[in-house]
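The opening position of the sequence shown corresponds to residue 1 in the UniProt record's numbering, with each subsequent residue numbered one higher.
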Amino acid sequence: MKPPAPARLQQVHIPFGGGGYEPITSFDSHEGTYSQDHEAIQESLLRFCSDKSWNNSSRSAFMPRPILVSSEHQRQWKELNNALVSAITDIVERWWTDSVSKFPERMPLDPVEEDLLRWIDSQVPSKIHPYRKCRGSWRPDFLIEEDNEGASGSLENFLISEINARFCFNGLMYAACGQQALEEQGIAD
Numbered sequence: 001m002k003p004p005a006p007a008r009l010q011q012v013h014i015p016f017g018g019g020g021y022e023p024i025t026s027f028d029s030h031e032g033t034y035s036q037d038h039e040a041i042q043e044s045l046l047r048f049c050s051d052k053s054w055n056n057s058s059r060s061a062f063m064p065r066p067i068l069v070s071s072e073h074q075r076q077w078k079e080l081n082n083a084l085v086s087a088i089t090d091i092v093e094r095w096w097t098d099s100v101s102k103f104p105e106r107m108p109l110d111p112v113e114e115d116l117l118r119w120i121d122s123q124v125p126s127k128i129h130p131y132r133k134c135r136g137s138w139r140p141d142f143l144i145e146e147d148n149e150g151a152s153g154s155l156e157n158f159l160i161s162e163i164n165a166r167f168c169f170n171g172l173m174y175a176a177c178g179q180q181a182l183e184e185q186g187i188a189d
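Below, the structure is given as structure tokens:
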């Protein structure tokens, strides 16, 4: 039986083969343990995807010490994601038409990019789906803020620091291969 997830995000050490976990902050380890963990996970990752398939040093940066995420964190992230989807969709759909917000002036684009977007926007609606039907993907980077103002003690809040659109292939590859490698090592199920 797994122990319950903590109320705070927490990086943990899980011995290869499973058998529970221990927070990194209290795990008494020597450098050799971390090196062995790292070498074992690298071997697993290479079985799932060749060395040439990994971008730059991304494979060697993979950590075999996962972050425990509580159901409260998942709820918060889902709520934030829904708000982000609504906000981005609203901005994109009003980009050229909202004369009060003046988005093109506030976030200027290169002329070639702006010309392309204006051309796309001018196409017959039957040729191009509305943005809300084909949003694509993005990846927000976030920080975690500790909020001590709550009645029930401190909370961790997600604060978006940047939004990128570089996630699709790399993110799927890292998530899939990383999960398989963790499962192979007995760290995840």
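Just so you know, even glycine gets a beta-carbon here, dropped at the ideal spot from N, CA and C.
Nothing here was measured: the structure is a model prediction, and the numbers come from that model.
Limits of the alpha helix (DSSP H) - the one that residue i falls within
i: residue 86; result: 71-94
i: residue 117; result: 111-122
i: residue 103; result: 103-106
Option in the options with minimal Cα separation from residue i
i: residue 144; options: 108, 91, 157; result: 157
i: residue 37; options: 16, 27, 56; result: 16
i: residue 118; options: 85, 106, 102, 95; result: 95
i: residue 76; options: 23, 142, 64; result: 142
i: residue 88; options: 131, 114, 56; result: 131
i: residue 34; options: 50, 61, 10; result: 61
i: residue 185; options: 11, 91, 18; result: 18
i: residue 163; options: 103, 182, 105, 140; result: 140
i: residue 175; options: 28, 32, 40, 63; result: 63
i: residue 23; options: 40, 68, 173; result: 68
i: residue 177; options: 70, 124, 58, 93; result: 58
i: residue 39; options: 99, 86, 65, 91; result: 65
i: residue 179; options: 47, 73, 20; result: 47
i: residue 188; options: 83, 41, 146; result: 41
i: residue 81; options: 92, 159, 173; result: 159
i: residue 11; options: 99, 52, 91, 70; result: 70
Beta strand (DSSP E) segment containing residue i, residue limits
i: residue 9; result: Residue 9 -> no beta strand (DSSP E), and no H or E assigned at all.
i: residue 192; result: Absent from the structure is residue 192, since the part of the chain shown begins at 1 and ends at 189.
i: residue 158; result: 155-164
Secondary structure of residue i, DSSP reduced to three states
i: residue 48; result: helix
i: residue 66; result: coil
i: residue 60; result: coil
Outcome for residue i when other beta-carbon atoms lying within 10 angstroms are tallied against a minimum of 16
i: residue 129; result: exposed
i: residue 109; result: exposed
i: residue 1; result: Low confidence applies to residue 1: its pLDDT is 43, below 50, so where it sits in the model is not reliable, and the reading given next is rough at best. When all chains shown are included, residue 1 counts as exposed.
i: residue 134; result: exposed
i: residue 171; result: exposed
i: residue 106; result: exposed
i: residue 30; result: exposed
i: residue 181; result: buried
i: residue 124; result: exposed
i: residue 116; result: exposed
i: residue 207; result: Here the chain comprises residues numbered 1 to 189, so residue 207 is not present and cannot be evaluated.
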